[in-house]
Amino acid sequence: MPEVLFSNSIVQGNKGGREGEATPGCISHSIFASTQAAPLISRCFVLDIKTLSCLPFPVSCRLSLDPDTAHPTLVLLEGPQGAHCGEEAQSYPAHPQRFDSVAQVLCREGQFGGASYWEVEWRGGGWVDIGVTYRGIGRKGGGKPCLLGRNENSWRLRCTHAGYAAWHDNRKTTVAAPPCPRIGVFLERQKGALSFYSVSDTVLLLHTFRCPFSQPLYPAFRLDLDSNLLICPPEGGNGNPT
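Put into structure tokens, the structure is as follows:
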């Protein structure tokens, strides 16, 4: 198999306007992650397969978006497994769990234990955030308590047409890898590992968070204007691992 270099370092980035601060208790692994400190270099494999379902991962999750959490600019599609971010607000009913200032949405299904895997396709003119959060993430207002990856309750990978950035607790790790429209997410909650992969003819590990997750995690998404996402149907599975 071909090999690629990746950096193995403490998560670093912005916290209160300062660069290079380490995240307590949370370790990051990503390919060519840009930090101020010289990275430790390790090796990993690019996997020459069509989909991560060929790997010894658990059965893919069957996920659906929760309409009660969707911001009004998000149009839910396909079951709902898809979303589009537009300019016109939808006439969703008021709900205490709804994001009212940030174009985010959670999945109905929480990941309570064991290991879980899902894939997401993203397209359109803007970026998409793919991540997970504790149920208690803020819903009202647009500050850091509500934003995926900008607080201690959530983790995200921002996918853009120029590359990727991983965020947790307002700390950013830049991931220099070619953009890919299909992202795989592998969560081992009890082991404290959350990994993101680009999935095409090859599968490339983009980033791994290692954190002592203390609560169930919910797949979560944020969309830029004119962006689209689709949660891919599970291959060979019919539910969530326990």
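As numbered in our numbering, residues 43 to 284 make up the sequence shown, in order. From the three backbone atoms N, C-alpha and C, an ideal C-beta is built for every residue, glycine too. Everything numeric in this text was worked out from a predicted model, so none of it was measured.
For this session: Kindly list the residues whose CB is nearer than 7 Å to the CB of Gly173, restricted to its own chain and excluding five residues on each side of it in sequence; keep chain order.
Result: Residue 173 sits at position 131 when you count from the first residue of the sequence shown. Within the same chain, Cβ atoms closer than 7 Å to the Cβ of Gly173 are found at Leu190, Gly191, Ser196, Trp197, Arg198, Leu199 and Ala262, the five residues on either side in sequence being excluded.
For this session: Please list, in chain order, all residues of the same chain as Leu107 whose beta carbon is under 7 Å from its beta carbon, the five residues on each side excluded.
Result: Position 65 of the sequence shown holds residue 107. The answer, listed in chain order, is Leu118, Pro122, Gln123, Ala125, Val147 and Cys149.
Exercise. Can you tell which of Gly168, Gln132 and Ser143 has the C-alpha that lies nearest to the C-alpha of Gly180?
Worked result: On the sequence shown, residue 180 is found 138 positions in, with the first residue counted as 1. Per the Cα distances, Ser143.
Exercise. So, helix, strand or coil for Pro220, using DSSP?
Worked result: Residue mapping note: residue 220 aligns to position 178 of the sequence shown, counting from 1. Under the three-state reduction of DSSP output, Pro220 falls in the coil class, being neither helix nor strand.
For this session: Rounded to whole angstroms, what's the CA-CA distance from Thr175 to Tyr260? Just pull it up for me.
Result: Here residue 175 refers to the residue found at position 133 when the sequence shown is read from its first residue. Here residue 260 refers to the residue found at position 218 when the sequence shown is read from its first residue. About 5 Å.
For this session: With a threshold of 16 other CB atoms inside 10 Å of the CB of Ser269, please say whether the residue is buried or exposed.
Result: Along the sequence shown, one-based indexing puts residue 269 at 227. So Ser269 ends up on the buried side.
Problem set entry | Within 8 Å, strictly: CB atoms of Val217 and Ala207 | As a position in the sequence shown, residue 217 is number 175, starting the count at 1. As a position in the sequence shown, residue 207 is number 165, starting the count at 1. Ala207 sits close to Val217, with the two beta carbons spaced by under 8 Å.
Problem set entry | Same chain, Cβ closer than 6 Å to Phe154, five either side skipped, listed in chain order | Walking along the sequence shown from the start, residue 154 turns up at place 112. Cβ neighbours of Phe154 beyond the five flanking positions: Pro258.
Problem set entry | Burial state of Glu230, where buried means 16 or more other Cβ atoms lie within 10 Å | The residue given as residue 230 occupies position 188 in the sequence shown. The residue in question, Glu230, is buried, as its Cβ has 16 or more Cβ neighbours within 10 Å.
Exercise. Helix, strand or coil for Pro138 per DSSP?
Worked result: Mapped onto the sequence shown, residue 138 falls at position 96. The DSSP-derived three-state label of Pro138 is coil.
Problem set entry | Endpoints, the beta strand (DSSP E) within which Tyr176 is located | Taking the first residue of the sequence shown as position 1, residue 176 is located at position 134. First-last for Tyr176: undefined, no H or E at that position.
Exercise. By the 10 Å Cβ neighbour count, where 16 or more other Cβ atoms means buried, how is Ala136 classified, buried or exposed?
Worked result: If you number the sequence shown from 1, residue 136 lands on position 94. Under this definition Ala136 is an exposed residue.
Problem set entry | When Ala131, Arg165 and Ser237 are compared against Tyr159, the one with the closest alpha-carbon | The count along the sequence shown starts at 1 and reaches residue 159 at position 117. It is Ser237.
For this session: Kindly indicate which residue of Glu120, Gln132, Arg264 and Pro275 has the alpha-carbon position closest to the one of Pro114.
Result: Translated into the one-based positions of the sequence shown, residue 114 becomes position 72. Of the candidates Glu120, Gln132, Arg264 and Pro275, the one whose C-alpha sits nearest the C-alpha of Pro114 is Gln132.
Problem set entry | Chain-order list of residues whose beta-carbon lies under 7 Å from that of Trp169 (same chain, five-residue window excluded) | In the sequence shown, residue 169 corresponds to position 127, counting from 1. Excluding sequence neighbours, Trp169 sits near Arg200, Cys201, Thr202, Asp266 and Ser269.
For this session: Could you tell me which residues DSSP pairs with Ala262 in its beta bridges?
Result: In the sequence shown, residue 262 corresponds to position 220, counting from 1. Ala262 pairs with Leu148 and Gly173.
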